[in-house]
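Undergrad: Read top to bottom, the protein sequences are chains X, A and G. For the first sequence, counting from 1, position 346 maps to 341 in our numbering; every step adds exactly one. Whatever position you read off the second sequence (first residue = 1), add 112 for our numbering. For the third sequence, counting from 1, position 134 maps to 121 in our numbering; every step adds exactly one. Yeah, the Cβ is synthetic: ideal placement off N, Cα and C, and Gly gets one too. Remember, it's a predicted structure, so these values are computed and weren't measured experimentally.
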Amino acid sequence: MTETAKTSLRSEEKSLKVTRSRRNVAWSGIGALVVIVVLFLFPYYVGPGTTGIMVQGLIVLTLASMWNLLAGYAGLVSVGQQAFFGLGAYFVLIPAMHGVTPWAGLFIAAIGAGVVAVPLWWLVARLRLGYFAIATWVLATVVMLVIEQISSVGGGTGMALPGLTGMDPAVLTAYTYWAALIVAVLAIGGVYLLLRSRIGLTLTAIRDDERAARSSGVRVGLARMGVFIAAAAGCGAAGGVLAIEQLQVVPGTSGGVFSVQWTAEMAFAVIIGGIGTIEGPILGTIVYMVLQQTLQSYNAWYLIVLGIVAIAVALFARRGLWGTVDERFNIRLFPVGYHLWAPGESRRRRRAAVQAASS
Amino acid sequence: MAWVNAIIQGLLTGGLYALFACGLSLLFGVMKVVNLAHGDLAVVAGYIGVGIIAVTHVPVLWSIPIVVVLMAVLGYVLQRSLLEAAISRGELTTLIVTFGLSIIIENGLQQFFTANSRGIGVGDSFVTASFSIGSQITIAYLPLGIFILAVIVLLGLQMFMSRSKYGRLIRAVADDREAAQMSGADYRHVFGIAAAIAFGTVAIAGIADGMTTTLSPTIGTDTILLFAFASVVIGGLGSLWGTLLGGIVLGVAQAIGGQINSNWEPLAGYAVFLLVLVVRPQGLTSRGAQS
Amino acid sequence: MSNRANPPGGRPPVPAEGLPDGGQRYQAGGGGPLLEVHDLVVHHGQLRALSGISLTVYPGEVYALIGANGAGKSTLLRTIAGLHHPTSGSISYDGKDVTGLRPEKRATAGIVMVPEGRRLFPSLTLEENLKVGGSFARKGPWTIERVYQLFPWMTERRGQKTAQMSGGEQQSVAIGRALVANPRVLLLDELSLGLAPVIVQRIYAMLPQVLESGITVLLVEQDVSQALRVATHLQCLLEGHTTLEGTPAEVTREQVEAAYFGAGPAAQVEVSSPIPPDPDGQRSNALWPGLTPSSRAC
Chain X
-4 MTETAKTSLR
6 SEEKSLKVTR
16 SRRNVAWSGI
26 GALVVIVVLF
36 LFPYYVGPGT
46 TGIMVQGLIV
56 LTLASMWNLL
66 AGYAGLVSVG
76 QQAFFGLGAY
86 FVLIPAMHGV
96 TPWAGLFIAA
106 IGAGVVAVPL
116 WWLVARLRLG
126 YFAIATWVLA
136 TVVMLVIEQI
146 SSVGGGTGMA
156 LPGLTGMDPA
166 VLTAYTYWAA
176 LIVAVLAIGG
186 VYLLLRSRIG
196 LTLTAIRDDE
206 RAARSSGVRV
216 GLARMGVFIA
226 AAAGCGAAGG
236 VLAIEQLQVV
246 PGTSGGVFSV
256 QWTAEMAFAV
266 IIGGIGTIEG
276 PILGTIVYMV
286 LQQTLQSYNA
296 WYLIVLGIVA
306 IAVALFARRG
316 LWGTVDERFN
326 IRLFPVGYHL
336 WAPGESRRRR
346 RAAVQAASS
Chain A
113 MAWVNAIIQG
123 LLTGGLYALF
133 ACGLSLLFGV
143 MKVVNLAHGD
153 LAVVAGYIGV
163 GIIAVTHVPV
173 LWSIPIVVVL
183 MAVLGYVLQR
193 SLLEAAISRG
203 ELTTLIVTFG
213 LSIIIENGLQ
223 QFFTANSRGI
233 GVGDSFVTAS
243 FSIGSQITIA
253 YLPLGIFILA
263 VIVLLGLQMF
273 MSRSKYGRLI
283 RAVADDREAA
293 QMSGADYRHV
303 FGIAAAIAFG
313 TVAIAGIADG
323 MTTTLSPTIG
333 TDTILLFAFA
343 SVVIGGLGSL
353 WGTLLGGIVL
363 GVAQAIGGQI
373 NSNWEPLAGY
383 AVFLLVLVVR
393 PQGLTSRGAQ
403 S
Chain G
-12 MSNRANPPGG
-2 RPPVPAEGLP
8 DGGQRYQAGG
18 GGPLLEVHDL
28 VVHHGQLRAL
38 SGISLTVYPG
48 EVYALIGANG
58 AGKSTLLRTI
68 AGLHHPTSGS
78 ISYDGKDVTG
88 LRPEKRATAG
98 IVMVPEGRRL
108 FPSLTLEENL
118 KVGGSFARKG
128 PWTIERVYQL
138 FPWMTERRGQ
148 KTAQMSGGEQ
158 QSVAIGRALV
168 ANPRVLLLDE
178 LSLGLAPVIV
188 QRIYAMLPQV
198 LESGITVLLV
208 EQDVSQALRV
218 ATHLQCLLEG
228 HTTLEGTPAE
238 VTREQVEAAY
248 FGAGPAAQVE
258 VSSPIPPDPD
268 GQRSNALWPG
278 LTPSSRAC
């Protein structure tokens, strides 16, 4: 994918080339496709127990990508994403109670969460970083309290998810897994496309220097709102998947869908994996899953360890696991930047030049 | 009349909320730090109090100064080590670190103390004891005592900030760190002192809370942090007495909400908070606009 | 010891305007230099702000740094105060190397700065500002009361917030805040900035009393005439280099202009006779026989 940019620097009558990455994107694209296909085939050769774990991982992966989009690209540290996560679950539950199949409910969850995000954004839009964080926490608590008042959806105790009974458990697990996989792929793919678009450029500009961006006419507020809504939609979809996986929706702050622990998990995964990169949340989720599985018998220890590691990373290795790798080897699986090629330069020459420079 | 009693109760609860809030306000005013672990630290203090009383059997009131001193020392150490490192790396890092701290504390408490709630017994008689004004109004001693305690703490803080050398230094460093350095002040030490004071007030708040309701690992964020923050915002940032005003408004709003429908108690408080956030984010007493 | 030995070149020592008898006060301290800067190189990020600056200040001197905007004068002062880290070079105070010392430690040791733009504490009153200045004060003659004697108008306004005060008043408060710490070296950064000339003169009128108490002054000043009026020694900076060093007595207007703006060969002056050695620290008494050749203004 190259875009030729004809500039006034018409040296040698050749124009400057602007590409998206140093190496051919096609290879990464094929690689990603292979990975997705492999993942897709999981339920055929892996037992339901493992599939269940994978579903959990995919949920956290989706959440992490959203949190990364918010904090790493838009500078919005939200400690209240559990609001949209929980709402997504309820947006699957309520239609299911009226006969809509939960699989379709996933779409409703995403859209519904996105819609709710609009007035909520209006409430917190003007707040500075620290205020914003707590305000989102307050909002999440309010959302939970409001929903707990509604007894028709189970009030404070929650409600089982109708519409999926009678399905063969193995098939259900497989379907759930595929739904989770599709949601995660769409989420990451969506983030990737978003960042490659005009909005992505806007976000990078804001991230680098907000004042300069503003004075250049960049619509900072609009871009941030867009990100907030998109992230809400993603979290909502993930919440819908959880509802299907657990076959029930339980509110509440300890272990329920509105628990801040979800935010803790997604935030820590992003920090450890590498904030501000698309690959980071993937890596972070893997770390999280490993920790969770190994420390499972010790109750809440995995969160404690995760928290400690996250703090350590935030203080001493800010760019996270992927960020450090990226710095060293300059790999980007998801290229969202631009590379400028001088006229007549080709990839081979560039590589040689880089090698010469670094030796 | 039930309403009047409820409102009075709410007013007195405002004192407890002010105790929650003043440490948060101090840290934010001086260091521009939003400490997401604030509420959990109050719970930690409460648990320490429980532990001390259980082990040494000192009277409840004695446990307060002990816990305060312990927490103040903890505050200084934490500030000089973890928080200072986080602050120097930016607001995002500070939020992440304090959030991480909050999660670690909550889950840690859950591990060691299980999710059961504990209380700081002040003797059943004291908890329920009350006196009456006229024939309709009853005021319980405990909330009144806590309210008075809150006023005393706020007075003490105000005296300290306006009269003492380190109170001045804290204000100076908050105004202009470099200029304070040129007057010989090591701002890291001054920040440490501010943190120690903030943690000390948090300790008092935690014990007071333990006396009023029971402690459990999750109330750190569920109630304390959010109520403290709400009090600060409603009352106005940077104003010590504003946190009392904010606490009172919050308490009264909750009481009124609770009278209408017992489930609406916390919601009413948050509703007021959100209202203030939208209409006047700088709160009820602050003069400047929030940037 | 009023050694007014006739320097080679035959020019009599000319006391700076407004100062008492030129010879007496230079006795303070005695011995070696109070503040020495060797070959200081300071960067602001990528930008090289100072390229190998050196200076020596003896007790009792009024050493002025002049130069245009961006020349590096304030950077030099801030580095001496400890607010900037030099890339290379050293700073020694009273014979001890302080290059790595934290700013607050330097302040308590006796190097106190009155920063550019006053930088008073806006939420504190006038008296509280002074009290903060005295928080870690050394022993010495300056107290808040004595500052009130120096600036009598402060007595009635001591409880006022300083934000409402005029620029000149704020500058006085800033100076008072530094004095209360009882410094040995007082760093004055752009006192005249934003102030009317009349006010500036009034402020500089307090300098003699400061010097009388044994304080040495190193100041940065954009107003060249003002600097020449009060200085015993001066150095001109241009884009991070030293373009002129000497005393006000023998620098001509043309030389200063050339050094200030960086004109070419006019800044180069022959040295009529070599600079005499100065083992007993009498240099502050003797006049420099000539000018040191200017470094090329980049």
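1. Please go through the same chain and pick out, in chain order, the residues whose beta-carbon is closer than 6 angstroms to the beta-carbon of Asn169 of chain G, but skip the five residues on each side of it.
2. On a Cα-Cα basis, can you pick out the residue from G:Leu221, G:Thr112 and G:Gly120 that is closest to Glu294 of chain G?
3. DSSP on Asp176 of chain G, reduced to helix/strand/coil?
4. How long is the line joining the alpha carbons of Gly227 of chain G and Val185 of chain G, rounded to whole angstroms?
5. Name the residues in the region 365 to 389 of chain A whose C-beta lies less than 9 angstroms from a C-beta of chain X; which are they?
6. According to DSSP, simplified to helix, strand and coil, what is Val167 of chain G?
7. Quick check: Ala226 of chain X and Met61 of chain X, are their CB atoms within less than 7 angstroms of each other?
8. Select from X:Ala169, X:Leu176, X:Ile201 and X:Ala259 the residue whose C-alpha is nearest the C-alpha of Gly52 of chain X.
9. Under 7 angstroms between the Cβ atoms of Val41 of chain X and Glu240 of chain X?
10. Can you find the residues in the same chain that come closer than 7 angstroms, C-beta to C-beta, to Pro171 of chain A, ignoring five residues on each side of it along the sequence?
11. Who are the Cβ neighbours of Asn147 of chain A in its own chain at under 6 angstroms, not counting the five residues just before and after it?
12. Where Thr74 of chain G and Phe303 of chain A are concerned, what is the direct C-alpha to C-alpha distance, given to the nearest angstrom?
13. Do you know offhand how far Leu124 of chain A's Cα is from Thr149 of chain G's?
14. Given 8 angstroms as the limit, is there contact between the region 117 to 131 of chain A and the region 250 to 267 of chain A, that is, 3 or more CB pairs closer than that?
15. Indicate whether Gly109 of chain X and Ile216 of chain A have their beta-carbon atoms separated by less than 7 angstroms.
16. Looking only at its own chain, which residues have a Cβ that is under 8 angstroms from the Cβ of Val119 of chain G, when we skip the five neighbours before and after it?
17. Output, in chain order, the set of chain A residues within a Cβ distance shorter than 9 angstroms of Thr45 of chain X.
18. Taking all protein chains shown into account, do 16 or more other C-beta atoms lie within 10 angstroms of the C-beta of Lys60 of chain G, making it buried, or fewer, making it exposed?
19. With 7 angstroms as the threshold, decide whether the Cβ of Gly122 of chain A is near any Cβ in chain X.
20. Answer yes if the region 249 to 267 of chain X comes into contact with the region 128 to 140 of chain X, meaning at least three C-beta pairs across the two stretches below 8 angstroms, and no otherwise.
21. In chain X, which residues lie less than 8 angstroms from Ala197 of chain A when you measure between Cβ atoms?
22. Can you grab the Cα-Cα spacing for the pair Gly141 of chain A / Ser351 of chain A, in whole Å?
23. Quick one: is His150 of chain A buried, meaning 16 or more other Cβ sit within 10 Å of its Cβ, or exposed?
24. Leaving out the 5 sequence neighbours to the left and right, which residues in its chain are closer than 6 angstroms to Leu70 of chain G when beta-carbon positions are compared?
25. Where does Ala355 of chain X land, buried or exposed, given buried means 16+ other C-beta within 10 angstroms?
26. What residues of chain X sit near Glu290 of chain A, judged by a beta carbon separation below 8 angstroms?
27. Give the residues from the region 93 to 117 of chain G that approach chain A closer than 7 angstroms (Cβ to any Cβ), ordered along the chain.
28. Using a Cβ-Cβ cut-off of less than 8 angstroms, list which residues of the region 145 to 165 of chain G approach chain A; keep chain order.
29. Since Tyr50 of chain G is in the beta strand (DSSP E), which residue starts that stretch and which ends it?
30. With respect to the beta strand (DSSP E) encompassing Gln222 of chain A, which residues constitute its N-terminal and C-terminal limits?
31. For a contact defined as C-beta to C-beta under 8 angstroms, what are the partners of Lys144 of chain A on chain G?
32. Under 7 angstroms, do Gly100 of chain X and Val87 of chain X count as touching if we go by C-beta distance?
33. Kindly indicate which residue of G:His72, G:Ile98 and G:Ala55 has the alpha-carbon position closest to the one of Val204 of chain G.
34. Hey, could you find the ends of the beta strand (DSSP E) Asp26 of chain G is sitting in?
35. For Ile208 of chain A, return the contacting residues in chain X, with the cut-off set at a CB-CB distance below 8 angstroms.
36. Tell me where the alpha helix (DSSP H) around Met49 of chain X begins and ends.
TA: Quick look at the numbers:
1. Walking along the third sequence from the start, residue 169 of chain G turns up at place 182. Cβ neighbours of Asn169 of chain G beyond the five flanking positions: Ala124, Arg125, Gly127 and Trp129.
2. For chain G, the structure presents residues -12 to 285; residue 294 of chain G sits outside this window and is missing.
3. Indexing the third sequence from 1 puts residue 176 of chain G at position 189. Strand at Asp176 of chain G.
4. Within the third sequence, residue 227 of chain G is the residue found at index 240, counting from 1. Within the third sequence, residue 185 of chain G is the residue found at index 198, counting from 1. Each residue's alpha carbon lies about 30 angstroms from the other.
5. Within the region 365 to 389 of chain A, the qualifying residues are Asn373, Asn375, Trp376, Pro378, Leu379, Tyr382, Ala383, Phe385, Leu386 and Leu389.
6. Within the third sequence, numbered from 1, the residue matching residue 167 of chain G stands at position 180. It is coil, neither helix nor strand.
7. Against the first sequence, residue 226 of chain X aligns to sequence position 231. Against the first sequence, residue 61 of chain X aligns to sequence position 66. With respect to the 7 angstroms criterion, Ala226 of chain X and Met61 of chain X are classified as neighbours on the basis of their beta carbons.
8. As a first step, residue 52 of chain X is located in the first sequence; it is residue number 57 there, counting from the start. The candidate whose alpha carbon is nearest that of Gly52 of chain X is X:Leu176.
9. Start at 1 with the first residue of the first sequence, and residue 41 of chain X comes out as number 46. Start at 1 with the first residue of the first sequence, and residue 240 of chain X comes out as number 245. Not closer than 7 angstroms, so no.
10. Residue numbering aside, residue 171 of chain A sits at position 59 when the second sequence is read from its first letter. Excluding positions up to five away in sequence, the list is empty.
11. Mapped onto the second sequence, residue 147 of chain A falls at position 35. Around Asn147 of chain A: Leu139 and Thr210.
12. The residue labelled residue 74 of chain G in the question sits at position 87 within the third sequence. The residue labelled residue 303 of chain A in the question sits at position 191 within the second sequence. In this structure, the CA atom of Thr74 of chain G is about 29 angstroms from the CA atom of Phe303 of chain A.
13. Locating residue 124 of chain A in the second sequence gives position 12, counting from the first residue. Locating residue 149 of chain G in the third sequence gives position 162, counting from the first residue. For Leu124 of chain A and Thr149 of chain G, the distance between alpha carbons rounds to 38 angstroms.
14. Contact holds: three or more Cβ-Cβ distances are below 8 angstroms.
15. Here residue 109 of chain X refers to the residue found at position 114 when the first sequence is read from its first residue. Here residue 216 of chain A refers to the residue found at position 104 when the second sequence is read from its first residue. At least 7 angstroms separates the beta-carbon of Gly109 of chain X from that of Ile216 of chain A.
16. Position 132 of the third sequence, counting from 1, holds the residue named residue 119 of chain G. Shown here for Val119 of chain G: same chain residues with a beta carbon closer than 8 angstroms to its own, the five before and five after excluded, namely Phe108, Leu111 and Arg164 in chain order.
17. For the purposes of this step, residue 45 of chain X is taken as the residue at position 50 of the first sequence. Residues of chain A passing the Cβ test: none, with the nearest at roughly 26 angstroms.
18. One-based indexing of the third sequence puts residue 60 of chain G at position 73. Buried: at least 16 other Cβ atoms inside 10 Å.
19. For the purposes of this step, residue 122 of chain A is identified with residue 10 of the second sequence, where counting begins at 1. It does not: the Cβ of Gly122 of chain A has no partner Cβ on chain X nearer than 7 angstroms.
20. Judged by Cβ distances under 8 angstroms, the region 128 to 140 of chain X makes contact with the region 249 to 267 of chain X, as three or more pairs qualify.
21. In the second sequence, counting from the first residue as 1, residue 197 of chain A sits at position 85. Residues of chain X passing the Cβ test: Leu310.
22. Counting from 1 along the second sequence, the entry for residue 141 of chain A is found at position 29. Counting from 1 along the second sequence, the entry for residue 351 of chain A is found at position 239. Between Gly141 of chain A and Ser351 of chain A, the C-alpha separation is close to 9 angstroms.
23. By one-based count along the second sequence, residue 150 of chain A stands at place 38. Buried: at least 16 other Cβ atoms inside 10 Å.
24. Position 83 of the third sequence, counted from the first residue, corresponds to residue 70 of chain G. The answer, listed in chain order, is Pro90.
25. Residue 355 of chain X lies beyond the range of chain X shown here (-4 to 354); nothing can be said about it.
26. Reading the second sequence from its first residue, position 178 is the one you call residue 290 of chain A. Result: empty, since nearest Cβ-Cβ is about 22 angstroms, beyond 8 angstroms.
27. Under the 7 angstroms Cβ criterion, the region 93 to 117 of chain G contributes Ala94, Thr95, Val99, Met100, Pro102, Arg106, Phe108, Pro109, Ser110, Leu111 and Glu115.
28. Residues of the region 145 to 165 of chain G with a C-beta atom less than 8 angstroms from some C-beta of chain A are Arg164 and Ala165, listed in chain order.
29. The residue labelled residue 50 of chain G in the question sits at position 63 within the third sequence. Counting along the chain, the beta strand (DSSP E) containing Tyr50 of chain G begins and ends at Val49 to Gly54.
30. Within the second sequence, numbered from 1, the residue matching residue 222 of chain A stands at position 110. Run containing Gln222 of chain A: none in the beta strand (DSSP E); it sits in the alpha helix (DSSP H), Glu203 to Phe225.
31. The sequence position of residue 144 of chain A within the second sequence is 32, counting from 1. Result: empty, since nearest Cβ-Cβ is about 14 angstroms, beyond 8 angstroms.
32. Position 105 of the first sequence, counted from the start, is the residue given in the question as residue 100 of chain X. Position 92 of the first sequence, counted from the start, is the residue given in the question as residue 87 of chain X. It is a contact, given that the beta carbons lie within the stated cut-off.
33. Taking the third sequence and counting its residues from 1, the one referred to as residue 204 of chain G is at position 217. Distance check between Val204 of chain G and each of G:His72, G:Ile98 and G:Ala55 places G:Ile98 closest, using alpha-carbon atoms only.
34. As a working note, residue 26 of chain G is residue 39 in the third sequence. Following the DSSP letters along the chain, one finds Asp26 of chain G inside the beta strand (DSSP E) bounded by residues Leu22 to His31.
35. Here residue 208 of chain A refers to the residue found at position 96 of the second sequence. Chain-ordered, the chain X residues with CB closer than 8 angstroms to the CB of Ile208 of chain A read Val72, Ala262, Ile266, Ala305, Ile306 and Ala309.
36. Taking the first residue of the first sequence as 1, we reach residue 49 of chain X at position 54. Its alpha helix (DSSP H) spans residues Pro43 to Asn63.
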